[in-house]
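When the sequence shown is numbered by full-length UniProt numbering, its final residue is 162 and no position is left out of the sequence of numbers. Just below is one structure, and these are the notes that go with it.
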Amino acid sequence: MSEITLRVPTAEDGMDLHQLVNDCPPLDPNSSYCNLLHCSHFADTAVAAEKDGQLVGFISGYLIPNRPDTLFVWQVAVSEAGRGQGLAGRMLQDILKRQPQVKYIETTITKDNEASWGLFKSQARKLDANLESEVFFDKEKHFKGHHDSEHLVKIGPFNTPE
């Protein structure tokens, strides 16, 4: 069994990321252009997981412009080949190690996305930090009934892992 390696993404990963997200419901697909930007402009706050030359995991995120100590996690995608190995947690820890100024993590999660809730609850425990959540984008008010409400999850403050 080959090992999964983590690395900083490059623009060449953009279309593979596009396919990975499409293969990982319930994630909302982004345009291929958006994925190219995540792999280039936001590469320092993203991570690609590769196995046998294939993209099997990816986290995209960015530092919130007016709060550079806060990492906003945009999407976490793990293919079937990468599941059941703690890959999502490893990827998030990889980003945090490269961003030592980060003391908070934020993300949004729909109520029924058990995998994401599990990931961020386990990361809060690992970081020995508080986890709070509240509705951020409401199904009716913001999505006009076309998308489930997104809950803003906040973890922190914490000391960045070494």
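Just so you know, even glycine gets a beta-carbon here, dropped at the ideal spot from N, CA and C. Computed from a prediction, not measured in an experiment: that's the story for all the values here.
Tell me which residue opens and which closes the alpha helix (DSSP H) that residue i is part of.
i    : result
E3   : Per DSSP, E3 belongs to no alpha helix (DSSP H) and is neither H nor E.
E114 : E114 to K126
Kindly indicate which residue of the options has the alpha-carbon position closest to the one of residue i.
i    : options                  : result
L92  : E114, W74, I109 and E80  : W74
V140 : A129, E150, G89 and E134 : Checking the sequence shown, residue 140 turns out to be Glu, not Val. That would be E150, whose Cα lies nearest to the Cα of E140.
R67  : S122, Y104 and L20       : Y104
Q101 : T70, F42 and Y62         : T70
S60  : E3, K111 and D28         : D28
K121 : V56, Y62 and V153        : V153
A81  : D52, P65, F72 and I109   : D52
W117 : I155, I64, F143 and V56  : I155
P65  : N22, G86, F42 and N130   : F42
Got a sec: does the ligand NAD put a non-hydrogen atom nearer than 8 Å to the Cβ of residue i?
i   : result
S60 : In the structure shown, the ligand NAD is absent, as is every other ligand, since no ligand is present at all.
What number of angstroms, rounded off, separates the C-alpha of residue i from the C-alpha of residue j?
i    : j    : result
P157 : C39  : 27 Å
E115 : L17  : A quick correction: the sequence has Ala, not Glu, at residue 115. Taking the straight line from one Cα to the other gives about 19 Å.
N30  : D128 : 32 Å
M15  : T160 : 31 Å
L20  : D44  : 20 Å
R98  : T10  : 16 Å
F136 : A124 : 19 Å
V76  : G145 : 24 Å
K126 : Y33  : 34 Å
If you follow the beta strand (DSSP E) that residue i is in, where does it begin and where does it stop?
i    : result
E140 : Premise fails: E140 is in no beta strand (DSSP E) and is neither H nor E.
E150 : E150 to I155
If you measure from the beta carbon of residue i to each beta carbon in chain B, is any gap under 9 Å?
i    : result
T108 : The structure shown contains no chain B; it is built from a single protein chain.
Complete beta strand (DSSP E) runs within the segment 21-86 (minimum length 3 residues, chain order): 47-51, 54-64 and 67-78
With a cut-off of 8 Å, do at least 3 Cβ pairs link the segment 75-91 to the segment 41-51? Output reads yes: the segment 41-51 touches the segment 75-91.
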